[in-house]
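All remarks here apply to the structure that follows.
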Amino acid sequence: MDALRASPASTVWHKLRLPVAALVVATCAATIIALAFDARQRFFHIQFDLSETVEHELTELESELARLTTMLAGPAPATQLAGLRQSMDGIGMRMRRLDATFAAAEILRTQPYAEGLAELNRRSGRLLATATLQDAALTAELTPLLTETRDMLDALSTLAEQARADHQVQIAANRAVIGAALLRLVVLTVVLVLVLSVVSVQLMRLYLRSREQADAARRTGARLETIFRTSADAILVTDWTGRVLDCNRATLAIFGHPRERLFGADAMDLLFPQDARDEQRLRVTQALQTSDPRIDGPLRLELEAIHADGSRFPVEVSLAPARVEGGDIIVALMRDISARRRAERELTEARDRALAGEQAKADFLAVMSHEMRTPLNGLVGSIELLAQTPLDRRQRELVTVLGASAEILLDHVNSVLDIARSEARPADAEFIDFDFERLLEDCIANQASIAASGGNVLEQRPLSGRIGALRSEPARLRQVMLNLLGNAVKFTRNGHIIVETQIIEDWLEIRVIDSGIGIAPENHQRIFEDFVTLDSGYDRRSGGTGLGLGIARRLARIMGGDITVTSAPGSGSRFTLRLPFRPGTAPAAALAPDAADSLPAAAPLTVLLIEDNDINRFIAQSFLESAGHEVVATRSGLEGLAEADRRTFDVVLTDISMPVLDGLQVARRIRDGGGPSAGSRILALTAHSLAAEPEALSRAGIDVCLQKPIGRAALLRALVTAPEPTAPPPPSAIDTDQMRELRSQIGGPALAALIRQMILDGDAVMSRLRALGSEPPPDAARRLAHQMAGAISTFGSGPLHQRLTRLLDALRQGAPAGADLAALPDLWQATRTALADEARALRQAEAHAPDGADHHPAMGAQG
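In terms of this note's numbering, the sequence shown opens at residue 614 and continues consecutively.
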C-alpha cells in the first residue's frame, strides 16, 4: 500500500502543469499591460513646452518688433504715429501671450529664461508707456525708441535661439524615454511569445501523450476486461470492508451465486462458512495489515469456501490491495484447489504405502535378525565356553574351526543387516578422541597372519609422521580399515600391501596399496554397490557377500569423508580413505587401549537376568557366573519384574524382544515402580538389526543396549563400566541434513518455494484444528493431523512430526489426545520460525552465489 499511496505525488505535478503554464502566461500579459500604462504615463509627462505654440509666439513677437523697427527706421516715422502706437500695442499683446506660454512650461522657468523674459517685459513696458505719450512727446522719443526696439529685438533673438537649442535637447531626451519604454515592451513581448511557444509545445506534447496514454489505457482496459471475463479463476473486487464491487463469470460459476446476490454483499459472510468466518476474516485482515506487496508479493492464503448449495471446498486466495480514483480496493483471485488437495492426499497415501513397505521390510529384517542372531549367540557362546575347558589338541582344532566358521557366518549376517540398519535409520557421527596409531596397528596386526599365509608383506608408512590423538569414530574407522585390509589380503598373492597415512591440508588420507590382481576401470564404481562380487583368478577362493565396500563407503561418508579407488588389471589397486582431520585434545598416551581381552577388575555383583530364550539365558548366565557374579535367571518379563520388586540387584540384564512384557516395558516398570531395584543399572540385549531408538531406550530407563551375539569379554566389560552421562542435545525443529539433501536435489529457489507453501499449508491446518475446539471429532482431527504429518515429513522427522505421529496413534486407539493437541501450536510456531529462517538463508545464499552451485571439497583418488 505504501507504493500505491506514494505515486500521487508525481500525478499532482502532471495535473498542475497546465494551471502553472496559464499562470505564467497571465503574469506576462499583466506585466505587458502594466508597462503599457507606464509608457502612457511617461508620454503624458514628456516636456513638449517648446512646441509649435512657443515657437509661434516667439516668431510673432519677433515679427512685430521687426515691423516696429522698420517703421521707426523709415524716412518719416513721425507721420506714422498711429501705426507706431498700433504696433506697440501689438507687441504688448504678444508679450502678454508669451508670458502666459512661458508660465505654462516648467522647463522655461529656469533662471536664464526668467531673466531674459523680465528684460523683455521691462523693455515692453517702456514701449507701452511711450505709446501713451502725446504726439509731440512721442515724436521726440522716436530715436530712443528705435534704439530700445533694436535692443529688445536682439534680446528676443538671443532668448529664441536659447529656446530652440533647449528644444532640440528636450526632443532627444523625449526620444530616449520613448525608446526605453518601447524596448521594454518589445523585450517583454518577445519573452511572452517564447513562453507561449514553449507552453504551446508542452501543451501539444501533453495532448499527444494524453492521447497515447488514453489509447494504451483503452487497450490495457480491453485486455484486462478480456482476462477478467475469460479467467478460469474467480476474480473478486471488494472495498476494504469486504463489500463486493465487481466479479467475473468464473466467480459466479465457482460459488453458484447470481450476480445480483453478490454485488454489494459482504464477501466473507456470503462465500465462506459461518463456523470459520470470524477466524478466516481475522487471517485475511492481519495478512493485509502486516504484509508489504513490494517485498512479500501477492498474499496467498488457503481458506475454506462454501457453495450456494451448502457444499464446502478449499480455495487458494491471492489478495492484492490497490488504489483507484474511487478509493482503496482489494482484488482477490480465488482458485478451487479440491483437485490439488485430492492429488496431495493420493500422493501422501502413496508415500505412506511406500513407507509401510519399507517398514515391512525393516520389520522382516528385524525378525530375521532376531531369529538368526539368537542361535548364533548360542553357538558362539557355547564355543567360547567350550574353549575354556580342558581340551586335547584334536578337540582344540575342532573348536577353532567351529569358532572361525561361526565368526564368518556372523560376519555375513552382520553385513546384510548393516545395510538394513543404514537404510532404516542412518546413524549420526559420534566423535571421540582415540590413539590413531594404536588403532591402525591393531588393524594391521589383525590381518598380518592372513597376509603372511598368502606370502604377502604388510607394511605401514606414516608419510606425515606420527599423528597421535585423533577425534573421529574409532569403531567405524576400524570396520572400514579391516574391510580395506581384508580385501587387499584376499586379492594379493606373494606381493606387497602398504598402508600410507598422510595429512593434506585439513584432510587425513589413508591409502591401502596392494600389488594384487587389480580392478578394471568399468568396475571401479560397481564394487561399491551392494551384493557385487567380481570374478577373480582365484576361483572364488576369497568369497564374501559383496557388501563390505558398500558398507565401508557408507561409514566413511557418515564420518564426513569418502573412499575412492585407483586400479587397473594386473597393476594392483589403491583404495584411498579420505577423512576430515580433527586433532584430538587428549594426549595419545592418556587414551586407554582398546584390547578385547583386557577386563576391568570388579567385585562380584548381583545380576538379575531376564531372557526368554533358553540357550541365550544359559550362555549369559555361564559368562556372568564364570566371573564370580551372583545371577538370578528368569524366563519372562513378568518373572523378572517380580524378582526386581522382591530384592535389590546391582545390575538388571534384560532381553528387548520378549512376549507379554518386552524389555522396554520391564525397564520402565522397574524405574517407575519405586521398588528395591528402581535405582539399579539396567542393561538391554537385542538380536534385532534395528535396535530401539536411543530416545526410547532413555525414556524407558535403560543405561546401555548391547547387540547379540555378544562375547564374554564384551558382556563383562559392559557390566562393570558405567556410561558417561551426556546431556542430550536439544531437538532441532527441522532436520538440517534433510534440508541439505533437498537443496542438492531440487535447488535453492525450489526449496524456498516449497517452504513458503509449507508455511501456508501449516497455518491453514492449525487454524482448522483450532476451530475444532479442545475436544475435536476424532475423524476430523485425524484427517488434519495426517495431512500435517505428511506435509512436514518432507523436511525431516522433527519434534512436530513426532508429536503428530503420537497424536495419530492416540486417535486411532481412542486414547486421550488433549496433551498432544495442546502441544501442537508451540511446536508449529517453532517449526514455522525454523522454516522461515531456512528460507531467508536460502535467499541470502542465492543473492551471494548467483550460480547457485553447492561447493564441496573434492574427494578423488590420489594420482
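Using N, Cα and C, we set each Cβ at its ideal position, and we do this for glycine too. Small disclaimer: the values here were computed from a predicted structure and weren't measured.
The criterion of a C-beta distance shorter than 7 Å is not satisfied by THR714 and THR745. In terms of Cα proximity to GLU873, the closest of LEU858, PRO886, GLN887 and MET881 is LEU858. When DSSP states are grouped into helix, strand and coil, SER1085 belongs to the strand group. Listed in chain order, the non-local C-beta contacts of ALA847 below 6 Å within the same chain comprise ALA863, THR864, ILE867 and MET947, local neighbours out to five positions each way being set aside. Contact between LEU711 and ALA776 does not hold, since the beta-carbon distance rounds to 11 Å and is not under 8 Å. Per DSSP, reduced to three states, the secondary structure at ALA845 is coil, with no helix or strand assignment. Ranked by Cα distance from ILE1123, the options PHE1104, ILE1130, ILE1176 and ILE1164 are led by ILE1176. From the listed residues GLY1129, ARG913 and ARG958, the smallest Cα separation to ILE1372 is found for ARG913. In the pairwise beta carbon analysis, the stretch 637-653 is classified as touching the stretch 794-807: at least three pairs are separated by under 8 Å. The stretch 1287-1301 makes contact with the stretch 1313-1320: 3 or more CB pairs, one atom from each, lie closer than 8 Å.
Beta-bridge partners of TRP1120 (DSSP): ILE1117 and PRO1193.
Here the alpha carbons of PRO1193 and SER1293 stand approximately 40 Å from one another. Under DSSP, GLY940 forms a beta bridge with VAL937. In the structure shown, GLU929 adopts extended strand secondary structure according to DSSP, grouped into three states.
For ILE1269, the three-state secondary structure derived from DSSP is coil.
In the DSSP secondary-structure assignment, ILE1110 is bridged to LEU1071 and ASP1127. If you draw a straight line from the Cα of ARG1453 to the Cα of GLY1411, it comes to about 20 Å. The shortest C-alpha to C-alpha distance from LEU1218 to any of VAL1245, GLY1197, ASP1227 and ILE1232 is the one to VAL1245. According to DSSP, residue pairing for ASP891 in a beta bridge does not occur.
For ASP922, the three-state secondary structure derived from DSSP is coil.
The distance from the Cβ of PRO1196 to that of ALA1082 is about 7 Å, consistent with a contact at the 8 Å cut-off. Distances from the alpha-carbon of LEU733 to those of ARG822, ASN1136, ARG709 and LEU998 put ARG709 closest. Between THR1261 and ILE1223, the gap from beta carbon to beta carbon reaches 7 Å or more. Judged by beta-carbon spacing, LEU1237 lies beyond the 7 Å limit of ILE1368, meaning their Cβ atoms are not closer than that value. Around the beta carbon of GLU1256, 16 or more other beta carbons sit within 10 angstroms, so the residue counts as buried. In the structure shown, ILE704 falls within a helical segment according to DSSP collapsed to helix, strand and coil. If the five residues before and after ILE1140 are omitted, its C-beta is found closer than 6 Å to the C-beta atoms of LEU1162, all from its own chain and listed in chain order. Between MET1271 and ASP1225, the C-beta spacing is below 7 Å. Taking C-beta atoms as the reference points, LEU1364 and LEU1382 fail to come closer than 7 Å.
One alpha carbon belongs to PHE926, the other to GLY1250, and they sit about 52 Å apart.
Here GLN893 is buried: its Cβ has 16 or more other Cβ atoms, across all protein chains shown, within 10 Å. Between the C-alpha atoms of ALA1061 and ARG1416 there is a straight-line separation of about 52 Å. The Cβ neighbour count for ARG707, taken over all protein chains shown within 10 Å, is at least 16; the residue is labelled buried. The bridge partners DSSP lists for ILE1295 are VAL1265. When DSSP assignments are scanned along the stretch 1222-1287, the uninterrupted stretches of beta strand (DSSP E) that are 3 or more residues long and fall wholly within it turn out to be 1243-1247 and 1264-1268. When rounded, the separation of the alpha-carbon atoms in ARG1009 and ALA1327 is 23 Å.
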